[in-house]
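When the count follows this note's numbering, it moves up by one through the sequence shown with no breaks and lands on 564 for the last residue. All C-beta atoms in this analysis are idealised placements derived from N, C-alpha and C, irrespective of residue type, glycine included.
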Amino acid sequence: MEQYIIKGGNPLVGEVEIGGAKNAALGILAAAIMTDDTVLIDNLPDVRDINVLLEAMESIGVVVKRLTRHSVELHSEHIGEVSVDYEYIKKIRASYYLIGALLGKYRRAEVPLPGGCNIGSRPIDLHLKGFKALGARVNIRNGFIVAVADHLHGSHIYLDTVSVGATINIMMAASMADGYTIIENCAREPHVVDVANFLNSMGANIKGAGTDVIRIRGVQKLHRTDYSIIPDQIEAGTFMFAAAATKGDVMVKNVIPKHLEATSAKLMEIGCEVEEFDSAVRVVATKRLSSTNVKTLPYPGYPTDMQPQIGVTLALADGTSIVTESIFENRFKYMDELARMGAVVRVEGNTAIITGVEKLSGARVCAPDLRAGAALVIAALAAEGVTTVDDILYIQRGYEDFDGKLRSLGAEIARVDSEKEAKKFRLRIG
Ligand code: EPZ
């Protein structure tokens, strides 16, 4: 099983290029099948989640042509199947975006019900509520969601909880429904806006994405488009916290600073210098960071996907911090791993109380999920000694060449998949 081995203590210094946003690309790839014309998508991140979704799309008849590592050409005129195999949903939940796309285009979709995952139960009741409101009959049969609509019509939908997935899935189905749809209490994340912009570039009529009310006038057909994915604000924020935790100086390039406002504000609050440029952000940390309190909220609040990254950074801050996770019910599993590195943390329900320590020590830890895994790498980079991170497959789901990018910033990190390689690296770093 592949691992990262990290020798901590080096401040990260230099420049890093951010890739396309995984969570925008997942919605956009699904939406791309809604036209029979050719679709070109650029700035795709080469990460496991994206590659698995492309396989799922091929399994129902989409022709996927890889033009470069980060661009694909899609042909969806010969989709013969509206049933997606369980093996894909098991690998990535976001395959469920194919429901909204298939339902919008073919008035029928059969996709396995996604299970829970490591950060919480993650129901999709709001997705299904939206499809029913648009006129679909939705049943759960043998672990599959079967959604069928004789007539898909506009509707006025209120989302009880702010949900990125439900907003995107319902927006896709409604974009080809007959009539006018209003979705209230929508998610406002940049990746929701990117999916809306993508659909509009194919001829959809969607207004208000990025606000909490989205208005959609359904269209009969969608046409070809050539689209480039926005930069990944979560990958960017992860490197910003890596700079902060290692007292480094990193220029994070190819970002949209506006998407990083909550992250930049928190970094400045704990004592970092953050400088914004047109498409880059520079983070400099020269002294010991200060404690703070943070609560995760839907965008534009502080992102839940950046909660582990600030959690590990505050473990080294001066003072006691309180981190409240208001989106998912099980997103503090990494705290047990962090405690094994010497952090002083206490988790009570959806709140973590972190008492900063002067230093963390290297240990053998396990990545519990995607963002927590990346956060444990940050902790290892800041710790004294050598850390081994297991289960890094989670991290590779959402970070392209994570160890390579960190090495380019001066980190002593290797990705190894044998005891022999591990030993060789350990000997080299001494
Ligand atoms: C998306 O998940 C992201 N995944 C997550 O990123 C991110 O953490 C999350 O949004 C919040 O920003 C992708 O975009 C692929 P939600 P999603 O629906 O859409 C509840 C990562 O690290 N809810 O906004 O599944 C839900 O339980 C991943 O890249 C319902 O109750 O999140 C949660 O408490 C991790 N019913 C809250 O809403 C529903 O039908 C927000 O979930 C849907 C959601």
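Residue from the options whose Cα sits closest to the Cα of residue i
i: Y528; options: V147, R182 and I139; result: R182
i: I213; options: K381, I547, A267 and L232; result: L232
i: F504; options: E492, Q443 and G476; result: Position check: residue 504 holds Leu in this sequence, whereas Phe was assumed. It is Q443.
i: C320; options: A307, G344 and A338; result: G344
i: I547; options: V523, K554, R531 and E534; result: V523
i: G519; options: N144, E136 and Q137; result: N144
i: A267; options: I274, P246, Y292 and T454; result: Y292
i: L286; options: S309, N331 and K558; result: S309
i: H357; options: R271, T458, T169 and I175; result: T169
i: A486; options: P502, A516, L448 and A517; result: L448
i: P257; options: T359, F332, E463 and V417; result: E463
i: L236; options: T172, T426 and V196; result: V196
i: I456; options: G435, R242 and T489; result: T489
i: I194; options: I461, F466 and I167; result: I167
i: I226; options: R541, L540, A556 and Q530; result: Q530
i: D294; options: K263, M305 and A311; result: K263
i: T426; options: R275, V481, K381 and T454; result: T454
CB of residue i within 9 Å of CB of residue j, strictly
i: L146; j: V415; result: no
i: S413; j: K387; result: yes
i: K429; j: G405; result: no
i: V216; j: L208; result: no
i: L401; j: Q367; result: no
i: G161; j: H290; result: no
i: G238; j: I302; result: no
i: R474; j: Q137; result: no
i: M440; j: T521; result: no
i: P179; j: V218; result: no
i: I152; j: E407; result: no
i: G269; j: D284; result: yes
i: V491; j: E471; result: no
i: I140; j: V511; result: yes
Neighbour-count burial assignment, residue i, 16 or more Cβ in a 10 Å radius
i: V347; result: exposed
i: Q354; result: exposed
i: E323; result: buried
i: V478; result: exposed
i: N273; result: exposed
i: G496; result: buried
Limits of the unbroken beta strand (DSSP E) element including residue i
i: D360; result: T359 to S362
i: A281; result: F278 to V282
i: G148; result: V147 to E151
i: D176; result: T172 to D176
Opposing strand residues paired with residue i [DSSP bridges]
i: N427; result: I456
i: R200; result: V206
i: E369; result: None; E369 has no bridge partner.
i: H290; result: I316
i: R349; result: I316 and K341
The alpha helix (DSSP H) enclosing residue i, as first and last residue numbers
i: L237; result: Y231 to Y240
i: M306; result: V298 to S309
i: R560; result: E553 to I563
i: Y528; result: L527 to Q530
i: D259; result: D259 to A267
i: K539; result: F536 to R541
i: T169; result: No alpha helix (DSSP H) holds T169; DSSP gives it neither H nor E.
Closer than 8 Å: residue i CB and nearest ligand 3 heavy atom
i: T295; result: Ligand 3 is absent from the structure shown, which contains only ligand 1.
Chain C contact for residue i (CB, 9 Å cutoff)
i: F466; result: No chain C is present in this structure, which holds just one protein chain.
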